[in-house]
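Residue numbers (the numbering used here), protein chains in the order written: chain A, 1 to 366; chain W, 1001 to 1366. Positions of the beta carbon are idealized from the N, C-alpha and C atoms, including for glycine.
Dropping the structure here:
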């Protein structure tokens, strides 16, 4: 039984690409009301996956049917493997068969994989369709559904094909996290804690003080956390929509390591959030070696990760492969690897890589 | 022996996406000098095709090597069939293997197919790379290389996957048209004549007065025509970069029919320019039926097409299939097909479709 908690609506201000994020418990059953401006009278294509579809697709399609001209839907296999060129090809042809036109609206109903994949379809079909996100995982709610990064993986490179394509609206229902499995719920917390570490000490302290409420998925606390994170993300994206000024790069704390871990150990062995919590631990060790933070910072970060059951230990094998994978990261600029490293709780900086030896040492749990 | 004709440099003004079009005979051998600002010190990937590569690739790569950090190149099969998802997939993986990063520059060396394909790769790899066009066909020089429309075909829909992605620079060497086969040269003239018909009566009259020079590929006349067309295109694109105000739609005169002809009769049977010269003839007949132009307009258009050996007769078969294909066109808005139709030499308007019977009649050569 979900009580409706306080609504937290946020605006992402990007000129004519501005959009609202409506964070409301139960919003998934009020789509006709809340998404009316974007969807009324339009042709809608809902993209979901084999995990989320069986639980929410019918309700969501019903909501859209009340206001849309026509509603089609596509279900892809759940999991990172669907974020690939061949699934894209299939989706492009499917929506082509739906007689989709440039006034149609693509809806992503699912976690980060569905959002990234459907978003890239929206960005590229007919040179760009309107796009609406209904993220159903914690990770997607606090991170990937906001900010317009969409894309797919290449066999050797994660997220390497894509676009900056802002949604017209993001509908976030914290109560759908009830149906999220523990591993994905906890993995999402890695991105939540990241916001505290990179830009908001108060958020980090709120998380430290609410570990039990987080673990029990207290809806009031979750709603507050999600909106807090979305506001953090919105602030960064407003400053640097296309990752050109460097500001947006702070969101990549732990991600250079994390992407390498996902790539080397195979997408799927580690959830994204697990890979980046390990990555943030490596990054903190590197920052400590460079004299940017002290041991107390590292301990406090590790303690919160452990409290919510996030992994903190890097695999003890394949360190050379991890280093090589990092050198292929999109954050490599003209051959020079850059790292986002902390200086204190709530602040990170972009620094040049200190060299392979230091990186290899940072992979090792001391 | 190519004498260097007057340089015609044009600027496309699109705020921070502005770029120069350098129309200079022999510019293909002065790349290091003319493209220095975009390319110096960068990693360059030249994409070309199996027709153009053997003639120009070595000279172009040599030019870039003088200023770039590193030059890689890829040759795709010549022809419309390469504008597909599977070639895209291959290119994405190839440039991934080149350790391409977000500061690399993609160069399209070829006609419209290469420009559209390489442009979409540039728009989508690493969420967007700098892009330089060296168009080698008349059609690409006067139309597809300018304005940022890039993309690929789906099995059932031409140009249906793509982006608006402006190049950083366009290098046009009119003297490379020497090596273009007659069919493609003449097909390109369809787009040239189109500019006169849709927006510039003086250009149309200049073409009428210079048919012989056009047929003999006089370099002075060609340079003047190319720059005239690029300026027309730049003016339209500046007013309506993403085809949202309706202004850019004027460029689609003849294209609703033309795309249907290409699609129904198979890409490759008609060159794009041939399909749209037929399309403009159908559109003129439709405009006459609607009382928008008189017979004199139609005759004058037909006469110029025939003078340069462009086809004017629509195939007598598959008219129902053509109609159905038109209904699937991207210009269908909420189910209503729109046409760009002329009112006089130098002016066109966007009008709602008059109904299937009139469209079917317009397909018939009277």
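- CA-to-CA, the gap between residue 150 (chain A) and residue 120 (chain A) works out to about 5 Å.
- Cβ neighbours of residue 1085 (chain W) within its own chain (closer than 8 Å, five residues either side excluded): 1152, 1154 and 1161.
- Under the three-state reduction of DSSP, residue 352 (chain A) is assigned to strand.
- Taking a cut-off of 8 Å on C-beta distances, the segment 349-358 of chain A does not touch the segment 297-310 of chain A, as fewer than three cross pairs fall below it.
- Excluding residues up to 5 positions away in sequence, 126, 127, 128 and 129 lie with their Cβ nearer than 8 Å to the Cβ of residue 102 (chain A) in the same chain.
- Membership of residue 97 (chain A) in any beta strand (DSSP E) is not indicated; the residue belongs instead to the alpha helix (DSSP H) covering 85-97.
- Counted as a single uninterrupted DSSP element, the stretch harbouring residue 216 (chain A) is not any beta strand (DSSP E), since DSSP gives it neither H nor E.
- Our two residues, residue 11 (chain A) and residue 22 (chain A), have alpha carbons roughly 9 Å apart in a direct line.
- Pairing residue 1254 (chain W) with residue 1194 (chain W) gives a Cβ-Cβ distance under 8 Å.
- Within the segment 155-174 of chain A, those residues whose Cβ lies closer than 8 Å to any Cβ of chain W are, in chain order, 155, 156, 157, 160, 161, 162, 163 and 164.
- At least 8 Å separates the beta-carbon of residue 1192 (chain W) from that of residue 1136 (chain W).
- In the three-state scheme derived from DSSP, where H, G and I count as helix and E and B as strand, residue 1058 (chain W) is classed as helix.
- Pairwise C-beta distances place the segment 1033-1049 of chain W out of contact with the segment 1203-1213 of chain W, as fewer than three of them are shorter than 8 Å.
- Within a 10 Å sphere around the beta-carbon of residue 1024 (chain W) sit 16 or more other beta-carbons, which makes this residue buried.
- Residue 32 (chain A) is not a Cβ neighbour of residue 53 (chain A), given a cutoff of 8 Å.
- Within 10 angstroms of the beta-carbon of residue 1344 (chain W) lie fewer than 16 other beta-carbons, which makes it exposed.
- Take residue 1321 (chain W), set aside five residues on each side of it, and the residues of its chain with a beta-carbon closer than 6 Å to its own are 1264, in chain order.
- Within the DSSP secondary-structure output, residue 1105 (chain W) pairs in a beta bridge with W:1044 and W:1130.
- When the five nearest sequence neighbours on each side are left out, the beta carbons in the same chain lying within less than 6 Å of the beta carbon of residue 1258 (chain W) are those of 1275, 1276 and 1279, in order along the chain.
- By the CB criterion at 8 Å, residue 122 (chain A) and residue 92 (chain A) fall outside the cutoff.
- Residues of chain W whose Cβ lies closer than 7 Å to the Cβ of residue 40 (chain A) do not exist; the shortest such Cβ separation is about 12 Å.
- For residue 1114 (chain W), no beta strand (DSSP E) segment is defined; the enclosing uninterrupted segment is the alpha helix (DSSP H) at 1112-1124.
- For residue 85 (chain A), the nearest beta carbon of chain W is closer than 8 Å to its own beta carbon.
- Annotated as distal: residue 142 (chain A) and residue 47 (chain A), with beta-carbon spacing of 8 Å or more.
- Here residue 1288 (chain W) is not bridged, per DSSP, to any residue.
- Judged by DSSP in its simplified three-state form, residue 1159 (chain W) adopts strand.
- The shortest C-alpha to C-alpha distance from residue 1312 (chain W) to any of W:1365, W:1271, W:1144 and W:1286 is the one to W:1365.
- The Cβ neighbour count for residue 16 (chain A), taken over all protein chains shown within 10 Å, is under 16; the residue is labelled exposed.
- The C-alpha of residue 14 (chain A) lies about 8 Å from the C-alpha of residue 237 (chain A).
- Comparing alpha-carbon positions, the option among A:79, A:222, A:42 and A:55 lying closest to residue 65 (chain A) turns out to be A:42.
- Among the residues of chain W, none has a CB under 8 Å from the CB of residue 357 (chain A); the nearest is roughly 22 Å distant.
- By the Cβ-count criterion, residue 1295 (chain W) is exposed, with fewer than 16 other Cβ atoms from all chains shown falling within 10 Å of its own Cβ.
- For the options W:1168, W:1349 and W:1271, the alpha carbon positioned closest to that of residue 1290 (chain W) is the one of W:1349.
- In the three-state scheme derived from DSSP, where H, G and I count as helix and E and B as strand, residue 153 (chain A) is classed as strand.
- In its chain, beyond the 5 residues on either side, 337 have a beta carbon closer than 7 Å to the beta carbon of residue 327 (chain A).
- For residue 338 (chain A), the enclosing beta strand (DSSP E) begins and ends at 338-344.
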